[in-house]
Structures are given as C-alpha cells and as structure tokens.
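Number of protein chains: 2
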Amino acid sequence: MLLTTIKDVAKEAGVAVATVSRVLNNRGYLSDSTRKKVYEAMERLNYKPNEISRSLFRKKSNILGVIVPSVSHPFFSELVGHIEYFAYQAGYKVLICNSYADNGKEREYLEMISSNQVDGFIGAIYTSNSDDYIKPDMPLVTLDMNINGLPYITSDHYNGGEIATNFLIDRGCKKIAHICGDLEIDILANNRSKAFINVTKKQNINSVLEESKLSRFDEYKKTVIKMFEEHPEIDGVFASSDIIAASVIHVAGLNGKSIPEDIKIVGYDDIDMAAMTVPPITTIKQDIEKIGELAVKTLLNKIEGKEVTLENILPVELVERETT
Amino acid sequence: MLLTTIKDVAKEAGVAVATVSRVLNNRGYLSDSTRKKVYEAMERLNYKPNEISRSLFRKKSNILGVIVPSVSHPFFSELVGHIEYFAYQAGYKVLICNSYADNGKEREYLEMISSNQVDGFIGAIYTSNSDDYIKPDMPLVTLDMNINGLPYITSDHYNGGEIATNFLIDRGCKKIAHICGDLEIDILANNRSKAFINVTKKQNINSVLEESKLSRFDEYKKTVIKMFEEHPEIDGVFASSDIIAASVIHVAGLNGKSIPEDIKIVGYDDIDMAAMTVPPITTIKQDIEKIGELAVKTLLNKIEGKEVTLENILPVELVERETT
DNA sequence: ACATATATGTTAACCGGTTAACATATTAAG
DNA sequence: CTTAATATGTTAACCGGTTAACATATATGT
Chain A
1 MLLTTIKDVA KEAGVAVATV SRVLNNRGYL SDSTRKKVYE AMERLNYKPN EISRSLFRKK
61 SNILGVIVPS VSHPFFSELV GHIEYFAYQA GYKVLICNSY ADNGKEREYL EMISSNQVDG
121 FIGAIYTSNS DDYIKPDMPL VTLDMNINGL PYITSDHYNG GEIATNFLID RGCKKIAHIC
181 GDLEIDILAN NRSKAFINVT KKQNINSVLE ESKLSRFDEY KKTVIKMFEE HPEIDGVFAS
241 SDIIAASVIH VAGLNGKSIP EDIKIVGYDD IDMAAMTVPP ITTIKQDIEK IGELAVKTLL
301 NKIEGKEVTL ENILPVELVE RETT
Chain B
1 MLLTTIKDVA KEAGVAVATV SRVLNNRGYL SDSTRKKVYE AMERLNYKPN EISRSLFRKK
61 SNILGVIVPS VSHPFFSELV GHIEYFAYQA GYKVLICNSY ADNGKEREYL EMISSNQVDG
121 FIGAIYTSNS DDYIKPDMPL VTLDMNINGL PYITSDHYNG GEIATNFLID RGCKKIAHIC
181 GDLEIDILAN NRSKAFINVT KKQNINSVLE ESKLSRFDEY KKTVIKMFEE HPEIDGVFAS
241 SDIIAASVIH VAGLNGKSIP EDIKIVGYDD IDMAAMTVPP ITTIKQDIEK IGELAVKTLL
301 NKIEGKEVTL ENILPVELVE RETT
C-alpha cells in the first residue's frame with residue numbers, strides 16, 4: 001500500500017509543500033481559492049496527514065493512557081467508558097492498560113510517558129506507590145491513591161463507610177459484617193473500612209470484618225459462605241463493592257435467609273448491575289462519570305502545565321433499593 | 001522537562017550514535033564491553049527511546065484499535081480485557097474506541113489507520129457496513145459482521161438460537177418469547193433470532209418476538225413489562241443477552257411468578273454476571289476469550305500480510321444454571 | 001505613486017531514531 | 001603473514017510533516 005504524502009498533495013494541487021502545510025494547520029496568509037485547490041487535491045488522493053510524523057514534531061501524541069487492574073471489572077469498564085468520552089471531546093484518544101495489579105506491567109505502561117507514546121496517564125495504580133520511579137512532575141493522575149505530590153481523584157470513602165454502617169444500624173441490625181479487599185494496600189478506598197471499624201466501635205455494635213484478598217466472584221462466594229457459617233447471627237452486611245453484595249445475596253438465598261427481612265445489605269459503587277439484581281442493591285453511589293470527567297480534566301491541565309488541584313474528593317450518596 | 005536523546009546517550013557512553021542504535025536494535029557487530037557501556041549510560045540518563053520517532057521510521061505504531069459500541073457493556077468490557085491481554089503478549093498496545101453505534105465516530109476512528117496512528121482495528125462495527133470507505137485490504141477484523149471480503153470473528157449464533165429454543169421446548173414451555181435487539185442491522189448475531197423463528201415455526205410452538213431497539217437496562221425492563229402484560233401466558237423466554245435475561249428475572253419477580261417453575265429463561269453470552277444473579281442464568285456461552293484471541297491473531301496476521309481465514313465461527317455451548 | 005497587507009514559493013533545518021555505505025582498526029584463523 | 005571476521009566511527013539520507021527566514025508578486029488604500 002503506497003502512502004500519499006504532503007508532497008503528492010502539493011504536486012496534485014499545483015502548490016508548494018509549505019502551502020499545503022499552511023492549509024493543514026490554518027496558518028499564515030491563504031486565499032480561499034488555494035485552500036479549495038488543496039482540499040480538493042487531498043480529497044482526490046484520499047490524503048490523511050501522517051499523525052505519527054506530526055506527533056514527532058509537536059512532541060505530543062494526543063493519546064492518554066488509562067491503567068486499571070482489569071477493564072472487565074464493571075466499575076472500571078464504566079469508568080473507562082466515561083474517560084474515553086471526555087477524552088474524545090478534548091481531541092484525545094485513549095489507550096487501555098490492564099495491570100492485573102502487577103507492578104511490572106504498571107511500570108512498563110508508565111514508561112510510555114518517557115517514550116513519548118502517550119501524553120499522560122490516568123492510573124488506578126496499586127503496586128507502584130512506593131516506587132521511586134513515580135515523580136510528582138509526571139503527567140499522571142491517580143485514582144483512589146495519594147502518591148507523593150501527584151493529583152488524585154477519589155470519592156469521600158470515609159463518609160461512604162459512615163453512611164453505610166449507620167444506615168444498617170438505623171435499620172436495626174445488631175451484628176454487622178463488613179467484607180472488603182486487601183486492607184494492607186494503602187489505597188484511599190480502604191477508608192470505607194476504617195469508617196466501618198470506627199462507627200461500629202463507637203456505637204458499640206457487634207461487628208465482623210472479613211478481609212478477602214481475592215477478586216473473582218466464586219471466590220467471594222466461598223468467603224461469604226464461610227463467614228455465615230462462623231457467624232450465623234449476622235443480620236447486616238456492608239459490602240465494599242456491589243459485586244460482593246451480589247455474592248452475599250446469593251449465599252443468603254442458599255441459606256434460606258430472606259433479604260431484607262433476615263439480612264440487610266449495603267453495597268458500594270452503584271455500578272449498573274446494582275439495579276439489576278433481585279433484589280436490587282441498596283448501595284453507596286460513586287459518581288463514576290464525574291470521576292472520569294475530573295480525571296481527564298485534571299490530567300489535561302497538568303499536561304498543559306496549568307496549576308491543578310491535588311486533592312479531588314467527590315461526594316458519595318446512599319441509593320436506597322431493596323436489600324435494606 | 002528536557003528530553004534525553006540518543007545523542008546524549010552516545011556522548012555519555014563515549015560512542016557514536018550509530019553504535020547506540022546498534023545496541024538498541026541488536027544489529028551488526030557489537031562487543032560486550034560496548035553493549036555494557038551503552039546500557040549503563042542509558043541507565044544513568046534514564047533514557048527511553050522515543051517510540052514516536054521509531055514508529056515514524058518503521059511505519060508501525062504497534063498499537064491496535066478496538067471499536068465497540070460501548071466498553072461499559074459487560075460483554076464488550078470482557079472482550080476488550082482479553083484483547084488487551086493477547087495484544088500485550090504480542091507487543092501491541094490497545095486503543096479503545098466507543099462508537100456508541102455512531103457512523104461518524106466509527107469512521108473517524110477507522111481513519112486512524114490511514115493516518116498511521118494504529119496498525120489495525122478489531123471492530124464491532126454496526127453502521128459502516130455499506131460504507132465504501134471500508135476496503136477488503138484494510139487491516140481490519142470485524143466482529144459478528146461480514147463486510148465484503150474482510151475477515152470476521154463470530155460465534156455460531158444460529159446454532160446458539162437453536163439450542164436455546166429447543167431447550168426451552170424440551171423443558172415443556174408452551175409459549176416462548178424471544179427478546180432481541182434491532183433485527184434490521186445486518187449483524188451475524190441476529191442469526192440467533194432467525195433460529196428462534198425457524199425452530200418455533202417448525203415445531204409449531206406458540207411464539208412472541210419482541211424487538212427492542214433500546215439498550216439501557218431500565219428500558220429493557222419496560223419492554224419486558226409490556227410484553228408480559230400483553231402475553232401473560234408466556235412460560236419461556238429466550239433473551240438475546242444475559243442483561244435482557246436479568247431484566248426478565250426482575251419483571252417475573254414483580255409479577256409474582258417464580259423461576260423456573262412459572263417461567264423458564266435462557267440468556268445469551270455468559271458474561272460474568274450471568275452466574276451472579278438470583279437465580280443464576282442458564283445461558284448460551286460465547287467463548288469471549290477465544291474470540292479475543294482469534295481476533296488479535298487474525299489481525300496481526302493480516303497486518304503482516306499473511307493469508308488469513310476469512311470466516312471464523314466459534315462454537316457456542318449451553319450452560320445450564322437455575323433459570324430453566 | 002508608494003507603503004502596506006496579502007498570497008505564495010523556495011530552501012533549509014528540525015523532531016528523534018534508523019540505516020546503508022564506507023572507512024578504519026583490531027583480532028582471530030589458516 | 002595474509003585473509004577474513006569483528007568492532008566501531010563518520011557521514012548522509014530518510015521517515016513525513018512543520019516552521020522560520022527570505023524572496024517575490026499582486027492587491028489595496030491613501
């Protein structure tokens with residue numbers, strides 16, 4: 001496949017290469033007739049400027065990278081969808097990176113900044129936090145993670161944890177379990193668990209903390225089954241994700257318990273699925289669209305060298321459905 | 001931020017630029033000592049070759065684009081996850097494109113091929129099929145869509161539709177509904193609906209065909225509610241996606257019908273969510289991972305100019321859970 | 001008629017890395 | 001000792017587009 005270059009266009013239009021470039025970039029003096037000639041020539045030759053070449057000159061690829069543990073996780077897939085939308089509005093394309101929470105992959109992807117392949121990254125980074133490779137002047141915006149001096153976007157997870165826990169207490173739960181991910185990772189999302197611990201302690205509520213480092217649905221299910229075997233009196237569950245909440249609904253069904261009568265459940269995230277389960281999940285809603293929008297805006301401002309707000313904490317909200 | 005170039009490395013290592021390039025590309029004669037000197041210099045300067053520049057020279061970006069109607073749809077997010085995995089194994093990065101089934105966006109993204117930003121596309125393209133912009137020699141692999149001479153990956157949807165419909169009949173359903181998307185789009189996925197129509201006709205089964213051009217969950221729900229109002233005798237539903245199946249479960253609950261006793265449901269896709277609902281969905285499984293793997297392989301072969309199989313039809317499989 | 005604004009061309013350097021061609025020096029093999 | 005293989009340097013062209021500098025030509029206004 002032969003490539004049509006700006007020279008071919010110049011020849012076809014009967015003008016100089018510089019003139020074609022002027023048309024392409026709308027710079028300098030240009031008559032309408034020349035503009036037309038050039039556009040027509042481009043049309044005839046089906047010419048598209050080589051964006052790699054332009055990127056090289058401009059030192060700008062107009063590509064943003066997004067690092068997530070896994071795009072197939074509903075929370076991240078919804079987030080990535082929004083990020084792509086806002087990036088597109090701003091003339092950027094989005095490169096997707098599954099890190100599988102692997103440090104090597106995270107680093108390898110982040111190096112695309114140094115190699116000029118992307119202009120910046122939005123990263124749900126979990127392993128590289130202590131990594132000295134990450135510098136505060138990098139075009140990097142993190143999600144739910146405060147790494148030295150980098151701007152981050154997060155939800156008010158502590159408040160989310162308070163709302164969820166208090167809501168279960170208000171609804172009369174006497175023994176409340178909290179199922180969450182790995183608390184050793186220093187991620188802001190874990191503030192919801194801190195809130196759970198503080199609220200139950202302060203209100204003197206019987207509590208169970210179940211930390212699961214797993215992530216697959218059937219693995220969650222096993223954890224939940226074991227939990228109910230060990231603590232059959234649990235009458236309230238604050239799940240740190242809607243997926244976990246779904247698995248609690250499942251297990252409750254297996255145990256012949258009815259929801260919300262015997263067990264009340266509050267999930268977290270408000271992914272689309274939360275409204276689809278039977279019964280639909282009462283949950284703490286994160287504004288995923290806003291997170292995406294703010295992440296893109298912040299990153300673009302950082303890329304352009306503007307001042308950016310470092311701490312971006314978005315409010316959460318209780319969405320009451322039928323598990324409480 | 002000053003950029004470190006190959007010249008800086010050459011100076012730092014005390015060698016010629018060509019030598020650094022030889023090290024970088026492992027070409028020509030090289031002594032171990034020089035190699036070491038160069039690597040050390042790169043390390044000291046924290047040098048990363050400018051990939052844009054290399055792409056320009058090689059006319060190869062090592063980026064694949066993926067076009068989907070929406071990444072936030074679970075089927076596509078799982079698919080994209082697998083595509084990213086296999087692309088990464090082969091040294092490619094993945095650019096994600098939500099088309100929202102919009103012709104303009106599909107075209108705009110596809111033009112990234114001409115502008116050399118991506119080496120090729122895997123596309124779930126729905127609107128551009130009659131578009132003469134798409135040529136058989138493009139580095140493009142389509143999903144569920146047969147566009148003149150382009151390789152495509154699909155599942156054996158006709159068979160999927162047969163299995164689902166026959167299964168419901170075998171289970172004793174007397175009046176079976178089929179809820180599907182827009183049948184006017186000439187997409188291979190619609191073969192499942194053709195199979196439904198043919199099987200019910202042949203076996204002389206009472207059937208209802210509900211075509212919904214909508215896509216949001218709450219909109220599906222409305223369609224399903226209306227359907228049950230108009231046809232209360234329906235005792236079997238073949239839903240053309242697991243999401244639709246989930247909304248049938250929902251509505252059945254509202255109507256006080258129990259599943260599978262009163263209504264049996266077969267979904268389609270076997271997305272992760274299918275196992276998480278209560279009751280878990282009996283569904284026709286598409287091998288999403290294989291689809292992703294085959295799409296990447298086929299595209300890479302096409303990019304490398306190798307012969308590729310044009311028709312790639314993967315088998316489907318009934319996964320029996322608790323809605324039947 | 002003259003200064004100024006507008007329109008286009010020519011040329012060359014540049015973005016950063018790659019490569020071919022050629023020169024030269026060292027080392028190993030026969 | 002000669003030949004060949006190995007190792008590195010120098011130079012210049014190239015990928016495709018951008019831009020600054022300068023030349024030149026026409027049009028416009030006063």
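Chains as they are written, first to last, in my numbering: chain A, 1 to 324; chain B, 1 to 324. Ideal Cβ placement from N, Cα and C applies to all residues, glycine included. Here the structure is a predicted model, which is why all the values come from computation and not from measurement.
{"query": "Between the alpha carbons of Val320/A and Phe217/B, how many angstroms are there, rounded?", "result": "Note that residue 320/A corresponds to Glu in the displayed sequence, not to Val. Near 18 Å, if we compare the C-alpha coordinates of Phe217/B and Glu320/A."}
{"query": "Give me, in chain order, the residues of the same chain whose beta-carbon lies closer than 6 Å to that of Leu294/B; leave out the 5 immediate sequence neighbours on both sides.", "result": "Ile153, Asn312"}
{"query": "Mind checking whether Gly81/A and Ile176/A have CB atoms under 8 Å apart?", "result": "no"}
{"query": "By the three-class DSSP mapping on this structure, what secondary structure does Ile67/A have?", "result": "strand"}
{"query": "From the beta carbon of Pro49/B, is the nearest beta carbon of chain A less than 8 Å away?", "result": "yes"}
{"query": "How is Ala177/B classed by DSSP in three states: helix, strand or coil?", "result": "strand"}
{"query": "Sort out for me which residues DSSP pairs Tyr268/B with in a bridge.", "result": "Ile284/B"}
{"query": "Can you grab the Cα-Cα spacing for the pair Arg192/B / Glu162/B, in whole Å?", "result": "7 Å"}
{"query": "Hey, out of Pro69/A, Pro280/A, Asn190/A, whose CA is closest to Ser155/A's CA?", "result": "Asn190/A"}
{"query": "Listed from N- to C-terminal order along the chain, which residues in the region 178 to 206 of chain B have their beta-carbon within a distance smaller than 8 Å of any beta-carbon of chain A?", "result": "none"}
{"query": "Please state whether the Cβ-Cβ distance between Ile187/A and Met145/A is less than 8 Å.", "result": "yes"}
{"query": "Short of 7 Å in beta carbon distance, which residues of its chain neighbour Gly28/A, apart from the five on each side in sequence? Order them along the chain.", "result": "Arg22"}
{"query": "Near Leu96/B, which residues of its chain fall below 7 Å by C-beta distance, leaving aside the five closest residues on each side in sequence?", "result": "According to the sequence shown, residue 96/B is Ile rather than Leu. Cβ neighbours of Ile96/B beyond the five flanking positions: Val66, Val71, Val80."}
{"query": "Which complete alpha helix (DSSP H) runs does the region 170 to 238 of chain A hold, if anything under 4 residues is left out?", "result": "191 to 202, 217 to 230"}
{"query": "Starting from the Cα of Thr127/A, find the closest Cα among Pro232/A, Phe86/A, Val68/A and give me that residue.", "result": "Val68/A"}
{"query": "So which residues on chain A does Glu78/B lean against when the C-beta distance must stay under 9 Å?", "result": "Val71, Ser72, Ser77"}
{"query": "Could one say the Cβ of Gln89/A lies closer than 8 Å to chain B's Cβ atoms, at least one of them?", "result": "no"}
{"query": "Which of the three DSSP states is assigned to Leu310/B in this structure?", "result": "coil"}
{"query": "Classify Lys93/A as helix, strand or coil using the three-state DSSP reduction.", "result": "strand"}
{"query": "Which residues of the region 34 to 59 of chain B have a Cβ closer than 7 Å to any Cβ of chain A? Give them in chain order.", "result": "Lys48, Pro49, Asn50, Glu51, Ile52, Ser53, Ser55, Leu56"}
{"query": "Considering only the alpha carbon of each residue, which of Val20/B, Gln286/B, Asn301/B lies closest to Asn159/B?", "result": "Gln286/B"}
{"query": "Nearest to Leu110/A by CA position, among Glu219/B, Asp32/B, His157/B, Lys48/B, is which residue?", "result": "Lys48/B"}
{"query": "Under 8 Å, with one C-beta from each stretch per pair, do the region 219 to 235 of chain A and the region 271 to 283 of chain A reach the 3-pair mark?", "result": "no"}
{"query": "By the DSSP assignment, the beta strand (DSSP E) with Tyr152/A in it spans what residues?", "result": "152 to 155"}
{"query": "Under a three-way DSSP split, which group does Ile122/B fall into?", "result": "strand"}
{"query": "Rounded to the nearest angstrom, what separates Leu140/B and Tyr85/B at their Cα positions?", "result": "19 Å"}
{"query": "Expressed to the nearest angstrom, what Euclidean distance is found between the alpha-carbon atoms of Val308/A and His250/A?", "result": "44 Å"}
{"query": "May I have the straight-line CA-CA distance separating Gln203/B from Lys264/B, to the nearest angstrom?", "result": "18 Å"}
{"query": "Just the chain B side, please: which residues come within less than 8 Å of Gln286/A by C-beta, in chain order?", "result": "Result: empty, since nearest Cβ-Cβ is about 14 Å, beyond 8 Å."}
{"query": "Whole angstroms are fine: how far does the CA of Lys37/B sit from the CA of Ser31/B?", "result": "10 Å"}
{"query": "Quick one: is Lys93/B near chain A, going by C-beta distance under 8 Å?", "result": "yes"}
{"query": "Using a Cβ-Cβ cutoff of 7 Å, what residues of the region 100 to 114 of chain A are near chain B? List them in chain order.", "result": "Glu111, Ser114"}
{"query": "Check this for me: beta carbons of Gly292/B and Ile83/B, under 8 Å apart or not?", "result": "yes"}
{"query": "Using CA atoms only, rank isn't needed, just tell me which of Phe76/A, Gly91/A, Ala90/A, Asn116/A is closest to Tyr100/A.", "result": "Phe76/A"}
{"query": "In terms of residues, what are the limits of the beta strand (DSSP E) holding Thr142/B?", "result": "140 to 143"}
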